[in-house]
Structure formats: C-alpha cells, structure tokens
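Have a look at the structure below, then the notes.
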Amino acid sequence: GENVEQHPSTLSVQEGDSAVIKCTYSDSASNYFPWYKQELGKRPQLIIDIRSNVGEKKDQRIAVTLNKTAKHFSLHITETQPEDSAVYFCAASDNTDKLIFGTGTRLQVFP
Amino acid sequence: DTAVSQTPKYLVTQMGNDKSIKCEQNLGHDTMYWYKQDSKKFLKIMFSYNNKELIINETVPNRFSPKSPDKAHLNLHINSLELGDSAVYFCASSKRGKGNEQFFGPGTRLTVL
C-alpha cells in the first residue's frame, strides 16, 4: 500500500522568510496530492492540491511542486506570516477515495 | 451554515463503556469518512462509505462499527472502550470519485479514563 513520508517534523522561520515542506510517496499509481493545514484545535482544511499531470501549481503565496519520477512533492510558502503557523499535512491518493497522510509538519512563524 | 458537523465535541468516559459519535454533512456528498488523529497528530483513515456502502475498512478493531443510515450521515459506535482509543476522531466527506477535496468536521476529542 501507499506510504507517505514528510519532512521536517518541525520548522521555525522568521516572518517574511520562505518555508518548504517535502513529502515522498511510494506508490507510483498515486495521482492526487493535496496539502492540508490544521490550526491548533481546529479541523484540517485543504489549502492546495496537485494532480499527476501537472508539475507545479501556485495560489498567491503558496505553491506545490511534483516530481513524479522521483515520487517527491513539496509545499512552498513565501513571505510567511504569523497566521501561517499551523501543522501542515501532505497526502497522496491513488485511484480510490483513500487519502494517505504524511506525519505532519509543525510550522512556527516568529514575528 | 455548517458543512460537516459532529457531536459531541468532547467525550470523556470510562474504560469498558460503549459510546457513539455522530456525523452529518449538508454538502450533498456521496462519500463519508472517519479518521483517527492520535496524540502525535498522525491522521489515519479508519472507514469510508460511499452512498451508505462501506468501501474502505482499514485494520480497525471490530469494536469500532460505523453505521450510515443515509448518505448524509455516518455514525461511529465504539464498544468496550480502551485507553488507546483516546484520540480526536474526525469525520469528513467528499464528492464521489477520485481526487476530490475532503471536507472535515470539527472533530470529537475522546478521552478514555
């Protein structure tokens, strides 16, 4: 079955700096890669996703890149703000409804 | 309007008890899920239902029994609660089909004493 690894587990940055979170997956059949943000005590919410027919996708300050050959995908946040502080989860899905989540990255943005 | 709702928000109970968590979605989605998030924040899928039919059942003890009375509701009943069942349980829903956004409920924090 699919296995998703996520690094780093914690990430501290200064406000205005960039943050990068990386994930790898094992199942070459996976074709959908969402990223979820979970603020403290809240529910996970989708922030961006990418499908296997696309290499990069941007939405304002966040971007996701996908390298299918290497089975890597990454989340990039530019010009970080304190409200970006949260736990971020990557996930991968094959041709089913099942999402396999990474282990999460706790991002702290210091003012 | 709340898209995916769960009750109760908090549940504190003794070992050995039986408890239920309810979930409802008003998004018109066909697929609903239960996830468990443990103290280390790992999010693991437990079950998935598609239009009241069970389609994913990860290796979850059979003390956990999901029930879907209709496609807008997916409840989780847990028998003989154990200390290790303490976690936050999230319900989610999505449109039918592959690669659709999953919308999560607010979570139910279960504490077994």
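Heads up: the protein sequence lines correspond to chains A and B, in order. The opening residue of the first sequence carries number 1 in my numbering; numbering runs sequentially from there. The opening residue of the second sequence carries number 1001 in my numbering; numbering runs sequentially from there. Beta carbons are placed, not taken as given, at the ideal position from N, Cα and C, and that holds for glycine. Quick caveat, the model's predicted, so the values are computed rather than measured.
About 7 angstroms separates the beta carbon of Val64 (chain A) from that of Ser74 (chain A), a gap short enough to meet the 8 angstroms contact definition. Around the CB of Pro82 (chain A), fewer than 16 other CB atoms lie within 10 Å, so the residue is classed as exposed. Distance between Leu1110 (chain B) and Asn1051 (chain B), taken at the CA atoms: about 27 angstroms. Taking His1077 (chain B) as the centre and dropping the five residues before and after it, the same chain places the C-beta of Ser1020 and Ser1065 closer than 6 angstroms to its C-beta, in chain order.
Secondary structure of Pro1069 (chain B) (DSSP, three-state): strand. Here DSSP, grouped into helix, strand and coil, assigns Asp1018 (chain B) to coil.
Put simply, the backbone Cα of Tyr32 (chain A) is about 7 angstroms away from that of Asp94 (chain A). Cβ-Cβ distances below 6 angstroms link Gln1102 (chain B) to Ala1092 and Ser1094 in the same chain, with the five nearest sequence neighbours on each side left out; the list follows chain order.
For Gln60 (chain A), there is no enclosing beta strand (DSSP E), as DSSP gives it neither H nor E. Minimum Cα-Cα distance from Ser30 (chain A) among the listed residues A:Gly41, A:Gly16, A:Ile62 and A:Asp97 corresponds to A:Asp97. Shown here, Pro34 (chain A) sits in a strand according to DSSP, grouped into three states. At a cut-off of 8 angstroms between C-beta atoms, Glu1101 (chain B) counts as an interface residue with respect to chain A. Close to Thr1031 (chain B), with beta-carbon spacing below 8 angstroms, are these residues of chain A in chain order: Asp97. In the structure shown, the three-state DSSP call for Leu1043 (chain B) is strand.
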